[in-house]
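Okay, structure first, notes after.
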Amino acid sequence: MTRLQKVTRLLGTPLRFVALMLLGAYRVTFSRVLGPRCKYYPSCSAYAEEAIADRGIAAGLFLAAWRLLRCNPWSQGGIDRVPRRGSVGLYDYITHRRSIREVSS
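Take the sequence shown: its letter number 1 is residue 0 in numbering that gives the first Met the number 0, and every next letter is one higher.
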(Lines of atoms letter the chains of each structure in order from A and count residues from 1; the text may use other names and numbers.)
(Lines give C-alpha, C1' and ligand atoms only; values in the text may rest on other atoms or scores of the structure.)
Protein backbone atom coordinates (compact mmCIF):
# COMPACT_ATOMS: atom_id res chain seq x y z
CA MET A 1 0.00 0.00 0.00
CA THR A 2 1.43 3.33 -1.01
CA ARG A 3 1.66 6.35 1.25
CA LEU A 4 -1.11 8.15 -0.69
CA GLN A 5 -3.45 5.17 -0.26
CA LYS A 6 -2.76 5.10 3.48
CA VAL A 7 -3.48 8.83 3.85
CA THR A 8 -6.63 8.53 1.73
CA ARG A 9 -7.92 5.63 3.79
CA LEU A 10 -7.08 7.41 7.04
CA LEU A 11 -8.87 10.64 6.02
CA GLY A 12 -11.66 8.96 4.09
CA THR A 13 -13.26 7.22 7.03
CA PRO A 14 -13.82 10.31 9.23
CA LEU A 15 -14.98 12.37 6.24
CA ARG A 16 -17.39 9.62 5.23
CA PHE A 17 -18.74 9.52 8.78
CA VAL A 18 -19.24 13.31 8.87
CA ALA A 19 -20.96 13.30 5.47
CA LEU A 20 -23.30 10.49 6.52
CA MET A 21 -24.10 12.28 9.77
CA LEU A 22 -24.93 15.51 7.90
CA LEU A 23 -27.18 13.63 5.50
CA GLY A 24 -28.89 11.91 8.42
CA ALA A 25 -29.47 15.26 10.11
CA TYR A 26 -30.94 16.65 6.88
CA ARG A 27 -33.29 13.68 6.54
CA VAL A 28 -34.49 14.02 10.14
CA THR A 29 -35.05 17.79 9.98
CA PHE A 30 -35.62 19.45 6.61
CA SER A 31 -36.71 16.38 4.68
CA ARG A 32 -39.53 15.65 7.11
CA VAL A 33 -40.69 19.26 7.10
CA LEU A 34 -40.66 19.58 3.30
CA GLY A 35 -42.16 16.15 2.61
CA PRO A 36 -41.44 13.88 -0.37
CA ARG A 37 -40.50 15.98 -3.38
CA CYS A 38 -38.01 13.86 -5.32
CA LYS A 39 -38.92 12.51 -8.76
CA TYR A 40 -36.54 9.63 -8.35
CA TYR A 41 -36.63 6.54 -6.19
CA PRO A 42 -34.78 6.35 -3.84
CA SER A 43 -34.84 10.00 -2.86
CA CYS A 44 -31.78 12.11 -3.53
CA SER A 45 -30.69 12.08 0.11
CA ALA A 46 -31.07 8.30 0.36
CA TYR A 47 -29.14 7.97 -2.91
CA ALA A 48 -26.34 10.15 -1.53
CA GLU A 49 -26.16 8.10 1.69
CA GLU A 50 -25.96 4.85 -0.26
CA ALA A 51 -23.39 6.22 -2.70
CA ILE A 52 -21.10 7.55 0.05
CA ALA A 53 -21.42 4.40 2.15
CA ASP A 54 -20.77 2.11 -0.82
CA ARG A 55 -18.31 4.05 -2.96
CA GLY A 56 -16.45 6.22 -0.46
CA ILE A 57 -16.47 9.95 0.06
CA ALA A 58 -15.04 11.17 -3.26
CA ALA A 59 -16.94 8.95 -5.68
CA GLY A 60 -20.06 9.06 -3.49
CA LEU A 61 -20.17 12.86 -3.45
CA PHE A 62 -19.56 12.92 -7.20
CA LEU A 63 -22.43 10.50 -7.84
CA ALA A 64 -24.69 12.43 -5.46
CA ALA A 65 -23.87 15.74 -7.17
CA TRP A 66 -24.55 14.20 -10.58
CA ARG A 67 -27.89 12.92 -9.31
CA LEU A 68 -28.82 16.39 -7.99
CA LEU A 69 -28.00 17.90 -11.38
CA ARG A 70 -30.29 15.36 -13.05
CA CYS A 71 -33.13 16.07 -10.61
CA ASN A 72 -34.68 19.05 -12.37
CA PRO A 73 -38.12 20.05 -13.69
CA TRP A 74 -37.33 18.64 -17.16
CA SER A 75 -36.31 15.15 -16.05
CA GLN A 76 -38.73 12.24 -16.12
CA GLY A 77 -37.55 10.73 -12.83
CA GLY A 78 -38.00 7.04 -12.10
CA ILE A 79 -35.98 4.35 -10.38
CA ASP A 80 -32.29 5.23 -10.18
CA ARG A 81 -30.02 3.09 -8.03
CA VAL A 82 -26.36 3.63 -7.19
CA PRO A 83 -24.35 1.54 -9.66
CA ARG A 84 -22.63 -1.44 -8.08
CA ARG A 85 -18.86 -1.50 -7.94
CA GLY A 86 -17.41 -3.09 -11.04
CA SER A 87 -20.80 -3.48 -12.77
CA VAL A 88 -20.29 -0.47 -14.99
CA GLY A 89 -17.61 2.13 -15.40
CA LEU A 90 -18.27 5.54 -13.90
CA TYR A 91 -17.83 7.13 -17.34
CA ASP A 92 -20.45 4.80 -18.84
CA TYR A 93 -22.87 5.58 -16.03
CA ILE A 94 -22.47 9.34 -16.34
CA THR A 95 -22.74 9.44 -20.11
CA HIS A 96 -25.61 6.91 -20.06
CA ARG A 97 -23.81 4.67 -22.49
CA ARG A 98 -25.66 1.83 -20.77
CA SER A 99 -29.29 1.97 -19.82
CA ILE A 100 -30.45 2.41 -16.24
CA ARG A 101 -31.92 -1.11 -16.39
CA GLU A 102 -28.47 -2.57 -17.10
CA VAL A 103 -26.90 -0.53 -14.30
CA SER A 104 -29.48 -1.43 -11.65
CA SER A 105 -29.64 -5.16 -12.38
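The beta-carbon is built from N, C-alpha and C at its ideal position, and this holds for glycine as well.
- With a 10 Å radius around the Cβ and a threshold of 16 neighbouring Cβ atoms, Arg83 comes out exposed.
- Here Gly23 carries a helix assignment [DSSP, helix/strand/coil].
- Distances from the CA of Leu67 to each of Gly55, Ile78, Cys43 were compared; the closest alpha carbon is that of Cys43.
- A straight-line Cα-Cα distance of about 17 Å links Gly23 and Ala64.
- In the same chain as Gly76, and ignoring 5 residues on each side of it, the C-beta atoms closer than 6 Å to its own belong to Lys38, Tyr39, in chain order.
- Annotation: Phe16 to Ile51 spans about 9 Å, alpha carbon to alpha carbon.
- Out of Lys5, Trp73, Ala45, Pro72, the CA that lies nearest to the CA of Leu62 is found in Ala45.
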